[in-house]
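Visitor: Sharing a structure, written as structure tokens. Questions coming.
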């Protein structure tokens, strides 16, 4: 049975560590990172886990279209939705510091459509996907227009995914709580 899981929380709250442990004994995992390269600590944790469990994962960095990568694996980790939203904002807005409502709506649509397509592809493969995201509700009230747009997009996208995912976890201080 296919499985879509969302893990949310603050920065450095243990989300990636938890996602790696979620699939620790599985082969055929694709780790999709929106960063140009994985943080050294995350890469070390992933390599150590793979060695300890005698599995091999594929890692793709700088992911800007996760749906296009969902085809040859059974298990997927998308790290992270916040980075993806930020990248789409930079690509879509003429001036990120003066992002318009229309551009914000377009970013929201691009992100939601791509993530829903990713989820549908995983379900068609009868696979499993863990989506790592940041919880914007834990942040201070933004002053910059771009930060406000980011927070609003993240809030909308997180709610949409959480409502359709089978499981949702909240990560706080390295402890994960199942909330759905």
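In this note's numbering, the protein residues as written are 495 to 674.
Built from N, CA and C at the ideal position, the CB exists for glycine as well.
Model, not experiment: these values are computed from the prediction.
1) Who are residue 586's beta bridge partners in DSSP?
2) Quickly, what does DSSP pair residue 624 with across the bridge? List them, please.
3) Can you list, in chain order, the residues of its chain with a C-beta nearer than 6 Å to that of residue 668? Leave out the 5 residues immediately preceding and following it.
4) For residue 626 and residue 510, what's the separation of their Cα atoms in angstroms?
5) Give, in chain order, every unbroken run of the alpha helix (DSSP H) that is at least 4 residues long and sits entirely within the region 620-665.
6) Taking residue 611 as the reference, give the member of 658, 546, 545, 512 with the closest Cα.
7) What does DSSP give as the partner residue(s) for residue 671 in the beta ladder?
8) Can you tell me whether residue 632 is buried or exposed? The criterion is at least 16 other CB atoms within 10 Å of its CB, across all chains shown.
9) For the beta strand (DSSP E) that residue 527 lies in, which residues bound it at each end?
10) What would DSSP say about residue 610, mapped onto helix, strand or coil?
11) By how many angstroms is the C-alpha of residue 638 removed from the C-alpha of residue 599?
12) Pop quiz: residue 662 and residue 563 are said to be a contact at Cβ under 8 Å. What is the actual Cβ separation, rounded to whole angstroms?
Guide: Straight from the coordinates:
1) Answer by DSSP bridge pairing: none, since residue 586 is not bridged.
2) In DSSP, residue 624 forms a bridge with 499, 571.
3) Once the five neighbours on either side are set aside, the close Cβ partners of residue 668 are 508.
4) Taking the straight line from one Cα to the other gives about 7 Å.
5) Segments of the alpha helix (DSSP H) lying fully in the region 620-665: 639-658.
6) 658
7) 664
8) exposed
9) 523-527
10) Helix.
11) 17 Å
12) Under the criterion of beta carbons closer than 8 Å, residue 662 and residue 563 do not qualify as touching, at roughly 23 Å.
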